[in-house]
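> After the structure tokens below, expect a handful of questions from me.
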Amino acid sequence: MNLTWTTAARVLAQLRFDRRTIVLILVLPCLLLGLIAWMFRGTPVLDQFGPMLVGLFPLIVMFLVTSVATLRERQSGTLERLMTTPLGKGDFVAGYAIAFATLALVQALVVVGFATAVGMDVAGPMWLVIVVALLDAVLGSCLGLAASALARTEFQAVQMMPAIIFPQLITCGLIMPRDQMPELLEWLSRVFPLTYAVEAMQDLAAGAEWVDVRGAVAVIIMFIVGAVVLGVSTLRRRTP
Amino acid sequence: MMNNASVPDGGAPAAAVRVRGLGVVRGGREVLHGIDVDVPERQVVGLLGPSGSGKTTLMRAIVGVQDRVTGELTVLGEPAGSPGLRHRVGYVTQDASVYKDLTVTQNLGYFARLAGVPASATREAVAKAVATVDLGGHERQRVGTLSGGELSRVSLAAALVGEPELLVLDEPTVGLDPVLRRDLWDTFRRLAAGGRTLLVSSHVMDEATRCDRLLLLREGALVADTTPDELMRTTGAPDPERAFLALVERASAGEVQPR
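Those protein sequences? They're chains A and B, same order as listed. The end of the first sequence is residue 240 by our numbering, with every number in the run present. The end of the second sequence is residue 1259 by our numbering, with every number in the run present.
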């Protein structure tokens, strides 16, 4: 457990040197939200879709950042070296997850704060929006960790985002209400974590309370745990 | 040496690494086969051979990150790759494997903590490792801004900082100037005198003279397990480079004969 925190601190120290990435992670979602707020000014669109976007941006950004960061670790030879040290595979994955969750927390606070400032009015409790946004970001980084195991090159790592996130985006109910989709797609959407993330945010926008979204939150947490387990199990101490 | 507990009655030092009938398959090809080797404790053992001869694969097998290894491989009394060995063995990969976006101190501090150095003793351990590889003055510099030679010394220091009993170094002197190379070999000798065992690979044959023992690999097989003096005597060659060539030629001739 100790080495988990040591690793998280190391990853955060690396991030601290990369100011441009931090600025992009914090400013970019705000900029995009700002565009939407501007486009639909005077309508309730931001109130309806704002929470969903507040949940989606962190998930996508964190997925990309984490999958590239872990791939870099594989390619630079540092992962091979780490595998000769007492660092456990779980320490490695959890260390990364904690470091990026910290960044995700800051991102969630900044993005929700900005969205509120430009007029997003959520009917449900705001703290729950922040919690779900944070969980989405953690889910994104854990999926990114697991996906990076499948990628051998940077090109493949970047392609993992459309491969893993886009099908979820299409079926999560954002494009078409899920009950109007073909039955097979509707069924498929139930096994994707993004569906529950978007559903929770939609409900919160419509005034849901903790009791209404706790089921979705539990599913997101289960997927986070599953992605961490997958990330650990795809990590190999011995490689060809 | 006589009262040293690790020296058995025969006088030969105990083996830090014992390899019997080792084989490794990579990409459907047998890259190492039938390797029998002992790396004696407290010695600097050179692993020499041309590029592609299997040096790195053998080292990876010893530190326990090589897949598809067959045969017997005992490191410090335990099977290679055992969890108990991970803080007793230090491995330096061929390319510097440290974090280029962190400072020298941050890198070494991280690897010290991983090796089990307590937080209170980390600063001291880092300072010691920095001094050993002669990087004083660069402590707060980001590793990515260092020169190639400095970079490989940070990578070496990252293995030294945990004070492992066995150091496995893959071409640590490649790309270094002659002065630095000599200094590093002095460091290796000092570490061995201090009780460590070092397995150092190189394709610079002149470095062979600085080793206690030499292992010569060629095409995945052991061509010789000898000492520098013995190598020169048996081949009658004027320098290690030509001694190695003589051995390789002898081995190739031996391969052809049975046909």
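Just so you know, even glycine gets a beta-carbon here, dropped at the ideal spot from N, CA and C. Source: prediction; values computed, not measured.
(1) Span of the alpha helix (DSSP H) holding I1035 (chain B)?
(2) Taking the alpha carbon of A1193 (chain B) as the point to measure from, which residue in B:T1173, B:S1201, B:L1166, B:R1218 has its own alpha carbon closest?
(3) Short check: CB of L1032 (chain B) to CB of G1162 (chain B), under 8 Å?
(4) Taking the straight line between their C-alpha atoms, what separation do you get for T7 (chain A) and D91 (chain A)?
(5) Pick out whichever of A:F223, A:R237, A:D121 has its Cα sitting closest to the Cα of G207 (chain A).
(6) Identify which residue in B:E1150, B:R1218, B:R1113 has its Cα closest to the Cα of P1172 (chain B).
(7) To the nearest whole angstrom, what separates the beta carbons of L1048 (chain B) and M1205 (chain B), a pair I think is in contact under 8 Å?
(8) Taking the Cβ atom as the reference point for each residue, do R1189 (chain B) and R1210 (chain B) lie within a distance shorter than 8 Å?
(9) A1092 (chain B) to I22 (chain A), Cα distance in whole Å?
(10) Chain A beta carbons: is any one of them nearer than 8 Å to that of G1116 (chain B)?
(11) Output needed in chain order: residues of the region 67 to 81 of chain A with a Cβ under 8 Å from some Cβ in chain B.
(12) Please state if the CB of L1160 (chain B) and the CB of I1035 (chain B) are separated by a distance shorter than 8 Å.
(13) Locate the beta strand (DSSP E) running through S233 (chain A), then write down its first and last residues.
(14) So, is I60 (chain A) buried or exposed, given that buried needs 16 or more other C-beta atoms within 10 angstroms?
(15) Can you list, in chain order, the residues of the region 8 to 27 of chain A whose Cβ is nearer than 7 Å to any Cβ on chain B?
(16) Would L1114 (chain B) and L3 (chain A) be called neighbours here (beta carbons separated by less than 8 Å)?
(17) Name the chain A residues whose beta carbon is nearer than 9 Å to that of G1027 (chain B)?
(18) Using the rule of at least 16 other Cβ atoms within 10 Å of the residue's Cβ for burial, across every protein chain shown, is M62 (chain A) buried or exposed?
(19) For chain B, is any of its Cβ atoms less than 8 Å away from the one on R237 (chain A)?
(20) Could you check where the alpha helix (DSSP H) with T1056 (chain B) kicks off and where it finishes?
(21) CB-CB under 7 Å to L128 (chain A), same chain, minus the five flanking residues each way: which ones, in chain order?
(22) Let me see if you follow: with CB-CB separation under 8 Å, is G1064 (chain B) close to chain A or not?
(23) Can you tell which of A:T234, A:M201, A:P125 has the C-alpha that lies nearest to the C-alpha of V217 (chain A)?
(24) Check distances from the C-beta atoms of the region 87 to 99 of chain A to those of chain B and list, in chain order, the residues that come in under 7 Å.
(25) Tell me which same chain residues have a C-beta within less than 7 Å of the C-beta of F160 (chain A), skipping the five on either side of it?
(26) Can you tell which of A:L64, A:E186, A:M222, A:A137 has the C-alpha that lies nearest to the C-alpha of I98 (chain A)?
(27) Could you pull out every residue in the same chain whose Cβ sits closer than 7 Å to the Cβ of P1008 (chain B), ignoring the five residues on either side in sequence?
(28) Who pairs with Y1091 (chain B) in a beta bridge, going by DSSP?
(29) Name the two residues that bound the continuous alpha helix (DSSP H) containing E1072 (chain B).
(30) Please classify A1131 (chain B) as buried or exposed, where buried requires at least 16 neighbouring CB atoms within 10 angstroms.
(31) Would you mind telling me which residues of chain A sit closer than 8 Å to V1089 (chain B), beta carbon to beta carbon, in chain order?
(32) Return the chain-ordered list of same chain residues with a C-beta closer than 7 Å to the C-beta of A123 (chain A), the five sequence neighbours on each side being excluded.
(33) Name the residue from A:M176, A:K89, A:L135, A:E199 whose alpha carbon lies nearest to the alpha carbon of L235 (chain A).
(34) Considering Cα atoms alone, identify which of B:L1216, B:A1157, B:V1044 is closest to F1244 (chain B).
(35) Can you give me the C-alpha to C-alpha distance between V1126 (chain B) and D1239 (chain B), rounded to a whole angstrom?
(36) Using the Cα positions of L1176 (chain B) and A1080 (chain B), report the straight-line distance between them to the nearest angstrom.
This is what the structure gives:
(1) Careful: I1035 (chain B) lies outside any alpha helix (DSSP H), inside the beta strand (DSSP E) at 1029 to 1040.
(2) For the residues B:T1173, B:S1201, B:L1166, B:R1218, the minimum Cα distance to A1193 (chain B) belongs to B:L1166.
(3) no
(4) Cα to Cα, the separation comes out at about 7 Å.
(5) A:D121
(6) B:E1150
(7) 6 Å
(8) yes
(9) Per the sequence shown, residue 1092 (chain B) should be read as Val rather than Ala. So the alpha carbons of these two residues sit roughly 32 Å apart.
(10) yes
(11) S76, G77, T78, E80, R81
(12) no
(13) Here S233 (chain A) belongs to no beta strand (DSSP E); instead the alpha helix (DSSP H) covers 210 to 234.
(14) buried
(15) So the close ones are R10, A13, Q14, F17, D18.
(16) It is a contact, given that the beta carbons lie within the stated cut-off.
(17) P240
(18) buried
(19) yes
(20) 1055 to 1063
(21) L204, W210, V213
(22) yes
(23) A:M201
(24) L87
(25) Inspection of the sequence shows that residue 160 (chain A) is occupied by Met rather than by Phe. If we look at M160 (chain A) and ignore the five residues flanking it on each side, its Cβ neighbours are S67, A147, L150, A151.
(26) A:A137
(27) With a pLDDT of 46 at P1008 (chain B), under the threshold of 50, the modelled position of that residue is not reliable, and the figure given next carries that caveat. Excluding sequence neighbours, P1008 (chain B) sits near A1014.
(28) B:V1168
(29) For E1072 (chain B), no alpha helix (DSSP H) segment is defined; the enclosing uninterrupted segment is the beta strand (DSSP E) at 1069 to 1075.
(30) exposed
(31) T84
(32) A205, A206, G207
(33) A:K89
(34) B:L1216
(35) Each residue's alpha carbon lies about 39 Å from the other.
(36) Using only the alpha carbons, I get a separation of about 30 Å.
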